[in-house]
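Trainee:
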Amino acid sequence: MVQCKKCKLFVSVTKDDVRKCKGPCEGVFHKKCIQNMKDFLRNEVCDICSRHEGNPKTTPPKITIDLQKATVETMLAELNNKLAIIYETQKKIDDLTDTVDFYAEQFQKLTEFKDSMQKKITALENTNTFLKKSNEALEERITLLEQKQVENNIEIAGVEEVKNENTLQIVQNIADKLKLNPDTIVETKRVGREIAGEKRARPIVVALCTKAARENWIRQRKVIVNNNDILNNKNEKQEIAVLVKQIPDSQDIIFIGDTNINILNSNTSVEKYKDELCAMGMQCLINECTREEIVSGRLVTSCIDHVWVRSRRSVEAHMLTCKLSDHYMGK
1 MVQCKKCKLF VSVTKDDVRK CKGPCEGVFH KKCIQNMKDF LRNEVCDICS
51 RHEGNPKTTP PKITIDLQKA TVETMLAELN NKLAIIYETQ KKIDDLTDTV
101 DFYAEQFQKL TEFKDSMQKK ITALENTNTF LKKSNEALEE RITLLEQKQV
151 ENNIEIAGVE EVKNENTLQI VQNIADKLKL NPDTIVETKR VGREIAGEKR
201 ARPIVVALCT KAARENWIRQ RKVIVNNNDI LNNKNEKQEI AVLVKQIPDS
251 QDIIFIGDTN INILNSNTSV EKYKDELCAM GMQCLINECT REEIVSGRLV
301 TSCIDHVWVR SRRSVEAHML TCKLSDHYMG K
């Protein structure tokens with residue numbers, strides 16, 4: 001296998017469609033490589049041979065033999081030696097030609113493989129660029145979604161952390177203290193890692209249903225609410241118990257007060273409050289709404305005006321009016 005004299009690629013005379021120069025160079029060309037070579041198409045001679053066409057050709061040296069001294073046997077022996085050398089040389093040339101053809105073919109395959117790999121690499125680079133841009137777009141979208149997810153959230157700090165606490169109830173108590181609608185609360189949880197021995201309480205993240213609800217909470221951020229108000233740790237029930245014990249069992253008791261505990265809510269704190277008063281022999285006369293408020297455009301009802309009695313007689317409660325605040329009377 002030899003090289004095409006124009007494109008310098010290896011060609012196989014037996015396999016490829018080639019043309020051979022009839023000039024002194026005897027160069028080999030691909031058929032497609034000679035399409036623009038006018039001299040070759042006309043005379044089958046390459047451009048280089050056409051330029052040197054007028055130069056005299058060098059003739060091979062002649063072999064001179066002294067016929068007077070040589071005999072037929074010596075001439076035949078010498079000829080046989082020369083033919084043997086030529087045969088061996090031709091055989092080696094054929095072997096070298098086959099070897100060159102093999103390596104040229106392998107080189108051609110490697111060149112084609114390199115070209116195909118280069119195309120694939122280019123395609124992969126383009127795909128990688130596209131994926132990078134898509135990844136960046138997805139990251140931006142995820143960031144926007146995360147921001148959208150927390151845009152209705154607020155964080156409450158400084159609330160005392162107790163064991164087995166109900167953060168939803170705690171936040172609802174805060175909402176009651178701030179006169180906010182607890183129904184706007186979607187989810188509550190403490191955030192941050194719990195560290196042993198850490199005295200500072202972890203903040204509570206509150207997810208609200210709307211932006212308007214969040215703005216209402218933000219407006220009330222300057223209102224001071226202490227942990228006793230939130231966790232119902234005040235000694236009101238103890239004071240009530242002390243007062244009830246001071247009154248003889250033979251006497252009736254009417255307990256009227258505004259304790260800011262909404263007994264319409266069904267939660268642990270409210271149930272505990274009711275159970276403790278019932279254990280003192282008290283009976284709740286009011287189990288209906290005593291207050292109506294418009295919070296964030298919604299009607300919010302509650303019962304924080306409590307009337308409890310301890311009586312041996314039958315006691316009833318009746319509603320007198322129902323406006324912004326409703327009052328009951330026991331008799």
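So in the UniProt record's numbering, spot 91 of the sequence shown is number 91, and the numbers just go up one at a time.
Where a beta carbon is used, it is the ideal one built from N, C-alpha and C, also for glycine.
(1) Counting pairs of beta carbons, one from the segment 303-314 and one from the segment 245-265, are three or more of them closer than 8 angstroms?
(2) With distance defined between alpha-carbon atoms, name the residue in 40, 7 and 31 nearest to residue 23.
(3) How would you call residue 291, buried or exposed, if buried means at least 16 neighbouring beta carbons within 10 angstroms?
(4) Report yes or no: do three or more beta-carbon pairs, one from the segment 187-204 and one from the segment 272-286, lie closer than 8 angstroms?
(5) Please classify residue 85: is it buried, with 16 or more other beta-carbons within 10 angstroms of its beta-carbon, or exposed?
(6) Residue 262 to residue 277, Cα distance in whole Å?
(7) Quick one: Cα of residue 179 to Cα of residue 315, how far?
(8) Throw me the rounded Cβ distance for the residue 159 and residue 142 pair, which I believe falls under 8 angstroms.
(9) What number of angstroms, rounded off, separates the C-alpha of residue 132 from the C-alpha of residue 122?
(10) By how many angstroms is the C-alpha of residue 130 removed from the C-alpha of residue 90?
(11) For the structure I just gave you, are there three or more beta carbon pairs, one from the segment 207-227 and one from the segment 264-279, closer than 8 angstroms?
(12) Assuming contact is defined by CB atoms lying nearer than 7 angstroms, are residue 135 and residue 207 in contact in what I supplied?
(13) If you count every other CB in all the chains shown that lies within 10 Å of the CB of residue 281, and 16 or more means buried, which is it?
(14) Measuring straight from C-alpha to C-alpha, what distance separates residue 55 and residue 35?
(15) Can you pull the DSSP bridge partners for residue 156?
(16) DSSP puts residue 299 in a beta bridge; with which residues?
(17) Quick one: what's got a C-beta closer than 7 angstroms to residue 137's C-beta in the same chain, skipping five residues either side?
(18) With respect to the beta strand (DSSP E) encompassing residue 20, which residues constitute its N-terminal and C-terminal limits?
(19) What number of angstroms, rounded off, separates the C-alpha of residue 198 from the C-alpha of residue 248?
(20) Taking all protein chains shown into account, do 16 or more other C-beta atoms lie within 10 angstroms of the C-beta of residue 184, making it buried, or fewer, making it exposed?
(21) How big is the Cα-Cα spacing for residue 50 and residue 19?
(22) Determine the DSSP secondary structure at residue 190, reduced to helix, strand or coil.
(23) Along the beta strand (DSSP E) that carries residue 28, what are the first and last residues, could you check?
(24) Could you tell me the alpha carbon to alpha carbon distance between residue 163 and residue 297, rounded to whole angstroms?
(25) Using alpha carbons as the reference points, say which of 273, 211, 201 and 155 lies closest to residue 241.
(26) Would you report the Cα separation of residue 126 and residue 145, rounded to the nearest angstrom?
(27) Using the Cα positions of residue 81 and residue 42, report the straight-line distance between them to the nearest angstrom.
(28) Reducing DSSP to helix, strand and coil, say where residue 33 ends up.
(29) Would residue 167 and residue 204 be called neighbours here (beta carbons separated by less than 7 angstroms)?
Mentor: Looking at the coordinates:
(1) yes
(2) As a first step, residue 23 is located in the sequence shown; it is residue number 23 there, counting from the start. Nearest option by C-alpha distance: 40.
(3) Residue 291 sits at position 291 when you count from the first residue of the sequence shown. Counting Cβ neighbours within 10 Å, residue 291 comes out buried, since at least 16 surround it.
(4) no
(5) The residue given as residue 85 occupies position 85 in the sequence shown. With fewer than 16 other Cβ atoms within 10 Å, it is exposed.
(6) Here residue 262 refers to the residue found at position 262 when the sequence shown is read from its first residue. Here residue 277 refers to the residue found at position 277 when the sequence shown is read from its first residue. So the two alpha carbons sit approximately 15 angstroms from each other.
(7) Stepping through the sequence shown from its first residue, residue 179 is reached at position 179. Stepping through the sequence shown from its first residue, residue 315 is reached at position 315. Going from the Cα of residue 179 to the Cα of residue 315 covers about 32 angstroms.
(8) Indexing the sequence shown from 1 puts residue 159 at position 159. Indexing the sequence shown from 1 puts residue 142 at position 142. With 8 angstroms as the limit, residue 159 and residue 142 do not qualify as a contact, their Cβ atoms being about 31 angstroms apart.
(9) By one-based count along the sequence shown, residue 132 stands at place 132. By one-based count along the sequence shown, residue 122 stands at place 122. Distance between the alpha carbons of residue 132 and residue 122: 15 angstroms.
(10) Locating residue 90 in the sequence shown gives position 90, counting from the first residue. Locating residue 130 in the sequence shown gives position 130, counting from the first residue. Straight-line Cα distance between these residues: approximately 59 angstroms.
(11) no
(12) Taking the first residue of the sequence shown as position 1, residue 135 is located at position 135. Taking the first residue of the sequence shown as position 1, residue 207 is located at position 207. Against a cut-off of 7 angstroms, the Cβ pair of residue 207 and residue 135 comes out as no contact.
(13) Position 281 of the sequence shown, counted from the start, is the residue given in the question as residue 281. That one is exposed.
(14) Here residue 55 corresponds to residue number 55 of the sequence shown, with the count starting at 1. Here residue 35 corresponds to residue number 35 of the sequence shown, with the count starting at 1. Because the pLDDT at residue 55 is just 49, under 50, the model does not fix this residue reliably, and the point stays unresolved.
(15) Here residue 156 refers to the residue found at position 156 when the sequence shown is read from its first residue. Partner(s): 204.
(16) Here residue 299 refers to the residue found at position 299 of the sequence shown. The partner list for residue 299 (beta bridge, DSSP) reads 294.
(17) The count along the sequence shown starts at 1 and reaches residue 137 at position 137. There are no such residues.
(18) On the sequence shown, position 20 is the one that residue 20 refers to. Counting along the chain, the beta strand (DSSP E) containing residue 20 begins and ends at 18-20.
(19) Walking along the sequence shown from the start, residue 198 turns up at place 198. Walking along the sequence shown from the start, residue 248 turns up at place 248. Going from the Cα of residue 198 to the Cα of residue 248 covers about 48 angstroms.
(20) Position 184 of the sequence shown, counted from the start, is the residue given in the question as residue 184. Buried.
(21) As a working mapping, residue 50 is identified with position 50 in the sequence shown. As a working mapping, residue 19 is identified with position 19 in the sequence shown. Taking the straight line from one Cα to the other gives about 16 angstroms.
(22) Position 190 of the sequence shown, counted from the start, is the residue given in the question as residue 190. Correct three-state label for residue 190: strand.
(23) For the purposes of this step, residue 28 is taken as the residue at position 28 of the sequence shown. Looking at the DSSP string, the run of the beta strand (DSSP E) that includes residue 28 is 28-30.
(24) Numbered from 1 along the sequence shown, position 163 holds the residue referred to as residue 163. Numbered from 1 along the sequence shown, position 297 holds the residue referred to as residue 297. Approximately 36 angstroms, taken between the alpha carbons.
(25) By one-based count along the sequence shown, residue 241 stands at place 241. Comparing Cα-Cα distances from residue 241 to each of 273, 211, 201 and 155, the minimum goes to 273.
(26) Your numbering for residue 126 matches position 126 in the sequence shown. Your numbering for residue 145 matches position 145 in the sequence shown. Rounded to the nearest angstrom, the two C-alpha atoms are 28 angstroms apart.
(27) Translated into positions along the sequence shown, residue 81 becomes position 81. Translated into positions along the sequence shown, residue 42 becomes position 42. If I take the Cα positions, the gap works out to 43 angstroms.
(28) If you number the sequence shown from 1, residue 33 lands on position 33. Looking at residue 33 - three-state DSSP - the assignment turns out to be helix.
(29) Start at 1 with the first residue of the sequence shown, and residue 167 comes out as number 167. Start at 1 with the first residue of the sequence shown, and residue 204 comes out as number 204. A contact, by the Cβ cut-off of 7 angstroms.
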